[in-house]
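Okay, structure first, notes after.
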Amino acid sequence: MNETVISVSGLRKSYDDFEAVRGIDLEVEHGQVFAFLGPNGAGKTTTVEVLEGYRERSAGRVEVLGLDPAAPTRDWRERIGIVLQQCRMRPELTVRETLELYAGYYRSPRGVGETIAQVGLQEKTEQRAGGLSGGQLRRLDVGVALIGDPDLLFLDEPTTGFDPSARRQAWDVIAGLRELGKTVFLTTHYMDEAQRLADRVAIIAGGAIVAEGRPDQLGDRESRPTEITFRLPAGVAAGQLPGDLGAAAAGGNGAVSVSTREPVEALNRITGWALERSLELDGLEVRRPSLEDVYLELTAGASDNDANGGGE
């Protein structure tokens with residue numbers, strides 16, 4: 000049986016007459032990467048700050064690493080690592096010096112060299128923080144969070160502003176945390192990031208959890224229709240497609256979209272029909288509903304404002 004690292008029941012947080020978090024429940028198990036998604040103003044940041052012990056709750060039960068975060072101890076604090084969305088390092092310190100500085104705050108820190116290797120900064124060990132790129136600084140942020148050898152890490156929008164290459168490199172670092180046996184609570188606005196990294200996902204909107212589950216199952220994605228899209232050659236109409244596919248096709252000007260719950264069978268019929276007639280189907284694509292599709296549907300109409308002046 001897996002150990003529960005975070006357990007929340009009936010969590011509420013109000014600011015005067017505004018209820019930012021409205022009775023949410025969630026659980027995170029040991030060794031998971033748990034992604035927490037939601038639009039601005041949905042209650043994400045408020046919830047995370049309660050879990051980290053930096054904000055008081057109005058009601059509900061919260062247990063993190065076996066302790067109520069409203070009454071943290073030093074031992075409990077040392078078991079948690081936090082990577083904020085923005086973190087400023089002392090620019091004059093090298094990567095090694097930065098980690099040595101933070102290691103001094105803990106009674107049983109990880110090895111500095113081991114941590115540098117874990118976040119992929121071996122070639123930048125003696126580079127001053129002020130000379131690091133944005134992606135390298137983010138790796139150093141994660142290194143600082145790891146140096147105390149925490150059991151649980153909170154990562155707040157860890158790849159915001161990264162180019163695609165830097166994001167992929169950051170994903171490798173985060174995936175490596177799971178291999179170390181760490182539990183990761185990840186907040187992100189990137190659906191592909193959650194899809195790639197998370198074992199479980201929770202979506203919050205309007206202060207309430209509107210969906211939770213595995214990324215590939217969220218919002219009944221597995222049971223939703225698949226879209227097959229392509230362009231027909233000039234002079235060929237969608238109505239000429241075999242059987243009921245022609246009647247089911249939508250689009251115009253040669254663009255065709257077929258929605259089906261049996262994509263393998265439908266694709267076989269479409270490609271077989273095209274091959275028999277020596278037709279090219281430009282732009283042929285098979286697309287299942289994505290996590291982003293589900294997210295946009297579930298968060299439609301969510302407030303963009305928070306009681307904290309536009310925060311999350």
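Its first residue numbered 0, the sequence shown is counted upward by one per residue in numbering that gives the first Met the number 0.
Cβ coordinates follow ideal geometry from the N, Cα and C atoms, glycine included.
Taking the beta carbon of residue i as the centre, do at least 16 other beta carbons fall within 10 Å, making it buried, or is it exposed?
| i | result |
| --- | --- |
| F35 | buried |
| G309 | Note that G309 has pLDDT 43, beneath the 50 cutoff, so the model's placement of it is unreliable and the number below is only indicative. Label assigned to G309: exposed. |
| Q85 | exposed |
| E156 | buried |
| V63 | buried |
| G134 | buried |
| E113 | exposed |
| A273 | buried |
| E48 | buried |
| E192 | buried |
| A197 | buried |
| P327 | Residue 327 is absent from the model: the chain starts at 0 and stops at 311. |
| R276 | exposed |
| P90 | exposed |
| V27 | buried |
| V172 | buried |
| L25 | buried |
| V263 | exposed |
| A169 | buried |
| A69 | exposed |
| G40 | buried |
| G242 | exposed |
| G80 | buried |
Alpha carbon to alpha carbon, how far is residue j from residue i? Give it in angstroms, no decimals.
| i | j | result |
| --- | --- | --- |
| L139 | E226 | 42 Å |
| L290 | V94 | 37 Å |
| V235 | A254 | 11 Å |
| D16 | T45 | 16 Å |
| R137 | R195 | 19 Å |
| N307 | R230 | Residue confidence is low: N307 scores 43 on pLDDT, short of 50, so the model does not pin down where it sits. No coordinate-derived value is stated. |
| G129 | H188 | 27 Å |
| G245 | A299 | 32 Å |
| G142 | G251 | 53 Å |
| Q126 | E99 | 14 Å |
| R56 | P71 | 14 Å |
| F33 | A174 | 12 Å |
| G119 | L240 | 53 Å |
| G205 | L283 | 38 Å |
| R109 | A144 | 11 Å |
| P224 | D162 | 32 Å |
| G42 | L10 | 11 Å |
| A233 | T259 | 25 Å |
| E18 | K123 | 46 Å |
| V257 | S164 | 34 Å |
| T158 | A237 | 43 Å |
| I30 | P38 | According to the sequence as given, residue 30 is Gly; it is not Ile. Their Cα atoms are separated by approximately 26 Å. |
| R87 | T97 | 11 Å |
| A320 | I269 | Given that the chain is displayed from residue 0 to residue 311, the structure contains no residue 320 and the question cannot be resolved. |
| Y105 | L92 | 19 Å |
| Y294 | L217 | 9 Å |
| G52 | G212 | 25 Å |
| V82 | S13 | 25 Å |
| G267 | L280 | Per the sequence shown, residue 267 should be read as Asn rather than Gly. Those two C-alpha atoms are separated by around 13 Å. |
| D67 | I23 | 16 Å |
| P288 | L151 | 32 Å |
| M190 | L278 | 36 Å |
| T228 | R166 | 29 Å |
| R54 | R76 | 15 Å |
| S107 | D74 | 11 Å |
| G160 | Q121 | 23 Å |
| E261 | D292 | 20 Å |
Compute the beta-carbon to beta-carbon distance between residue i and residue j, rounded to the nearest angstrom, for a pair I have assumed lies under 8 Å.
| i | j | result |
| --- | --- | --- |
| L297 | I202 | 5 Å |
| L199 | P149 | The question names Leu, yet the displayed sequence has Arg at residue 199. Not a contact, Cβ separation roughly 20 Å. |
| G59 | V4 | So it is not a contact: roughly 17 Å between Cβ atoms. |
| I355 | A102 | This structure cannot speak to residue 355, because the chain is shown only from 0 to 311. |
| L185 | L154 | 5 Å |
| R21 | A207 | 5 Å |
Spell out whether any CB of chain B is found under 8 Å from the CB atom of residue i.
| i | result |
| --- | --- |
| W75 | Although the question refers to chain B, the structure presented lacks it and comprises just one protein chain. |
| With contact counted as at least three CB pairs below 8 Å, one residue from each stretch, are the region 61-76 and the region 168-181 in contact? | no
| field | Start-end ranges of the beta strand (DSSP E) lying completely within the region 3-36, minimum 3 residues | value | Correct list: 3-14, 17-28 and 32-36.
| task | Jot down the residue ranges of each uninterrupted alpha helix (DSSP H) in the region 34-86, minimum 4 residues, whole runs only, in chain order. | result | Counting whole runs of 4 or more residues, the region 34-86 contains the alpha helix (DSSP H) stretches 43-51 and 73-77.
| query | For the region 156-219, which segments carrying the beta strand (DSSP E) assignment without a break, of at least 3 residues, lie completely within its bounds, in sequence order? | reply | Those beta strand (DSSP E) runs which fall completely within the region 156-219 and span 3+ residues are 182-186, 199-204 and 207-212.
| message | Please give me, in chain order, every unbroken run of the beta strand (DSSP E) with length at least 3 that falls completely inside the region 77-155. | response | 79-82 and 151-155
| 3-residue-minimum beta strand (DSSP E) runs that sit fully inside the region 233-265, ordered along the chain | 254-259
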